[in-house]
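Below you'll find the structure, written out as structure tokens, and then a few comments.
In the working numbering, the protein residues as written are 50 to 456.
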């Protein structure tokens with residue numbers, strides 16, 4: 050009996066160590082790519098020879114009176130042919146002045162009073178209501194109401210779309226890192242994602258990940274996505290569907306989106322637990338299709354499998370590395386010797402340090418690193434809650450920081 054238990058443990062340990070090794074290799078791979086992208090940058094997207102793509106900008110808002118005005122103001126300042134852009138706002142079940150403020154800012158507003166509480170459902174509802182007004186547009190740009198875009202955001206997106214990209218992810222940057230330790234650490238996590246992971250994947254020629262906003266979709270791709278969305282974690286579901294369909298996701302690092310980060314750790318725990326639970330359920334649902342696509346030789350399906358396999362949160366990864374180091378040091382059966390774990394922790398540290406250097410961390414963000422243990426503890430709690438059977442409901446994340454993004 051004891052021998053069977055030891056054998057079962059060794060198999061489990063081998064599987065877990067394989068997953069950890071894959072995630073560490075992924076971090077090392079994208080970190081090298083991020084540094085190479087700075088030393089040997091790829092050519093940017095060229096200016097279109099003909100007319101710029103016609104862009105339909107959709108802004109999803111739920112009780113966002115505090116931020117919708119700034120979002121639409123930045124859109125009016127775009128360095129893009131005004132006749133090639135139209136902006137629509139969906140005021141989704143709003144109980145505040147969001148709709149009125151959006152109209153006063155010059156946007157066309159549709160008010161949704163009921164239905165599933167999710168951005169994907171709200172966008173699908175809005176697109177259907179537009180009817181003939183949506184005809185003639187080449188692509189759809191999706192923003193959140195708390196986003197503020199740089200003046201050349203649409204121009205960068207337009208260049209990428211005109212070059213043949215079907216889906217383009219802009220670069221999101223925290224607009225309120227000085228608000229709290231939670232917002233600073235959330236911003237650092239996003240900086241690691243965009244400045245290291247996305248930059249590295251893009252330099253190596255792979256698809257990047259969707260971030261939920263600051264995204265442009267070729268119109269037919271967008272319509273296919275919103276017709277099949279079923280969850281409240283739209284970015285992950287869109288990404289899995291796109292890769293399963295063989296549609297690559299391109300990065301436009303020059304298309305800057307200032308995104309408001311979470312204000313406190315309690316709200317972060319609620320948000321992350323819903324995200325993680327949604328992702329776990331999506332992975333289980335889409336894994337067979339990705340495997341089938343990979344068996345048929347579709348590169349994007351292989352990338353989708355890689356996305357699933359390397360989605361271990363950094364907070365989970367660093368703790369498991371520490372536990373592995375301890376287990377290896379005391380000689381637990383089936384666990385690699387401690388030098389292997391020390392090497393893994395070193396690579397993880399280089400990945401994080403690279404992100405801090407490349408992103409150009411400000412003093413407030415350096416100070417926030419002192420709250421990292423709490424950040425990790427909150428995310429571990431979110432993971433634990435996400436693995437429960439009870440469906441975690443959608444809860445609005447409050448917005449309205451007093452911090453201003455860079456001009």
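All residues carry an ideal CB built from backbone N, CA and C; glycine is no exception.
Requested in this report: Please report how far the alpha carbon of residue 168 lies from the alpha carbon of residue 64, in whole angstroms.
Outcome: In this structure, the CA atom of residue 168 is about 36 angstroms from the CA atom of residue 64.
Requested in this report: May I ask whether a heavy atom of the ligand FMN can be found less than 7 angstroms away from the beta carbon of residue 351?
Outcome: This structure simply doesn't include the ligand FMN, nor any ligand for that matter.
Requested in this report: Could you please give me the residues that DSSP links to residue 379 through a beta bridge?
Outcome: Residue 379 pairs with nothing; no bridge assigned.
Query raised in the report: What did DSSP end up calling residue 96 once you bin it into helix, strand or coil?
Result: Three-state result, residue 96: coil.
**Report entry** residue 178, enclosing alpha helix (DSSP H) - first and last residue
**Finding:** Start and end: 168-179.
Query raised in the report: Do the CB positions of residue 151 and residue 110 come within less than 8 angstroms of each other?
Result: Result yes, Cβ atoms of residue 151 and residue 110 sit closer than 8 angstroms.
Query raised in the report: Just to confirm, are residue 208 and residue 404 a CB contact at a threshold of 8 angstroms?
Result: No, the Cβ-Cβ distance between residue 208 and residue 404 is not below 8 angstroms.
Query raised in the report: Can you give the beta carbon distance from residue 140 to residue 383, rounded, assuming they're within the 8 angstroms contact cut?
Result: Not quite, the Cβ-Cβ distance comes to about 56 angstroms (not below 8 angstroms), so this is no contact.
Requested in this report: Quick one: measure Cβ to Cβ for residue 258 and residue 356, integer angstroms, because I've assumed they're closer than 8 angstroms.
Outcome: The beta-carbon separation of residue 258 and residue 356, rounded to 7 angstroms, stays under the 8 angstroms limit for a contact.
Query raised in the report: Are the CB atoms of residue 115 and residue 400 nearer to each other than 8 angstroms?
Result: No, these two residues do not count as a Cβ contact at 8 angstroms.
Requested in this report: Tell me whether residue 422 sits in a helix, a strand or coil according to DSSP, three-state version.
Outcome: Note: residue 422 maps to helix in three-state DSSP.
Query raised in the report: Buried or exposed: residue 74, going by 16 or more other Cβ atoms within 10 Å of its Cβ?
Result: So residue 74 counts as exposed.
Report task. Could you tell me whether the Cβ atoms of residue 82 and residue 219 are closer together than 8 angstroms? Result -> In this structure, residue 219 does not lie closer than 8 angstroms to residue 82 by Cβ.
Query raised in the report: Taking contact to mean at least 3 C-beta pairs separated by less than 8 angstroms, is the stretch 302-322 in contact with the stretch 222-236?
Result: Contact holds between the stretch 302-322 and the stretch 222-236, because three or more Cβ pairs, one in each stretch, are under 8 angstroms apart.
Query - Nonlocal neighbours in the same chain, by C-beta distance under 6 angstroms from residue 118, ignoring five residues either side - result: Result list for residue 118: 150 and 154, in chain order.
Query - Neighbourhood of residue 69 by C-beta, 8 angstroms cutoff - its chain only, sequence neighbours within 5 removed - result: If we look at residue 69 and ignore the five residues flanking it on each side, its Cβ neighbours are 361, 366, 369, 370, 373 and 393.
**Report entry** residue 170 versus 315, 436, 434 and 107, residue with shortest Cα-Cα distance
**Finding:** Shortest Cα-Cα distance from residue 170 to any of 315, 436, 434 and 107 involves 107.
Query - Unbroken alpha helix (DSSP H) run spanning residue 248, endpoints - result: It spans 248-253 - the alpha helix (DSSP H) in which residue 248 sits, taken as one unbroken run.
Query raised in the report: Quick one: any contact between the stretch 179-192 and the stretch 285-298, if contact means 3 or more CB pairs under 8 angstroms?
Result: As far as the Cβ criterion goes, the stretch 179-192 does not touch the stretch 285-298, which means the pair count is below three.
Query - Short Cβ contact (8 angstroms threshold) for residue 318 with residue 236 - result: Against a cut-off of 8 angstroms, the Cβ pair of residue 236 and residue 318 comes out as no contact.
Query raised in the report: Grouping DSSP H, G and I as helix and E and B as strand, with all else coil, what is residue 439?
Result: The three-state reading of DSSP puts residue 439 in coil, since its state is none of H, G, I, E or B.
Query - Cβ distance (whole Å) where residue 247 is taken to contact residue 300 below 8 angstroms - result: By a beta-carbon distance limit of 8 angstroms, residue 247 contacts residue 300. Their separation comes to about 5 angstroms.
**Report entry** residue 286 and residue 280 closer than 8 angstroms at C-beta
**Finding:** Using a Cβ distance threshold of 8 angstroms, residue 286 and residue 280 count as a contacting pair.
Query raised in the report: Taking the alpha-carbon positions, what's the residue 376 to residue 395 distance?
Result: Rounded to the nearest angstrom, the two C-alpha atoms are 17 angstroms apart.
Query raised in the report: Can you list, in chain order, the residues of its chain whose CB lies under 7 angstroms from that of residue 85, leaving out five sequence neighbours each side?
Result: Hits under 7 angstroms: 252.
Query raised in the report: Since residue 343 contacts residue 350 with CB under 8 angstroms, what's their CB separation in whole angstroms?
Result: Correct: roughly 4 angstroms between the Cβ atoms.
Query raised in the report: With 8 angstroms set as the bound, which would you pick, yes or no: does the beta-carbon of residue 124 sit closer than that to a beta-carbon of chain C?
Result: Checking the listed chains, one finds no chain C in this structure; it contains a single protein chain.
Query raised in the report: Alpha carbon to alpha carbon, what distance is there between residue 240 and residue 408?
Result: Approximately 6 angstroms, taken between the alpha carbons.
Query raised in the report: When the distance is taken between beta carbons, is residue 189 closer than 8 angstroms to residue 206?
Result: A distance of 8 angstroms or more separates the beta carbons of residue 206 and residue 189.
Report task. Give the straight-line distance between the Cα atoms of residue 89 and residue 56, rounded to the nearest whole angstrom. Result -> Each residue's Cα considered, the two are about 48 angstroms apart.
Query raised in the report: Going by Cα to Cα distance, which pick from 254, 445, 427 and 161 is closest to residue 91?
Result: Looking at the Cα atoms, 254 is the closest of the given residues.
Query raised in the report: According to DSSP, is residue 296 helix, strand or coil?
Result: Note: residue 296 maps to coil in three-state DSSP.
Requested in this report: Would you mind working out which of 123, 72, 276 and 322 sits nearest residue 177, comparing C-alpha positions?
Outcome: Looking only at 123, 72, 276 and 322, the smallest Cα-Cα distance to residue 177 is reached by 276.
Report task. Specify, as a first and last residue, the run of the beta strand (DSSP E) that residue 218 falls within. Result -> Where residue 218 is concerned, the enclosing beta strand (DSSP E) stretches over 216-223.
**Report entry** Nearest candidate by alpha-carbon position, reference residue 80, set 414, 406 and 423
**Finding:** Nearest C-alpha to residue 80: 406.
Query raised in the report: Can you name, in chain order, every residue of its own chain whose Cβ lies under 6 angstroms from the Cβ of residue 303, other than the five neighbours on each side?
Result: Within the same chain, 205 come within 6 angstroms of residue 303 by CB-CB distance, once the 5 residues on both sides are set aside.
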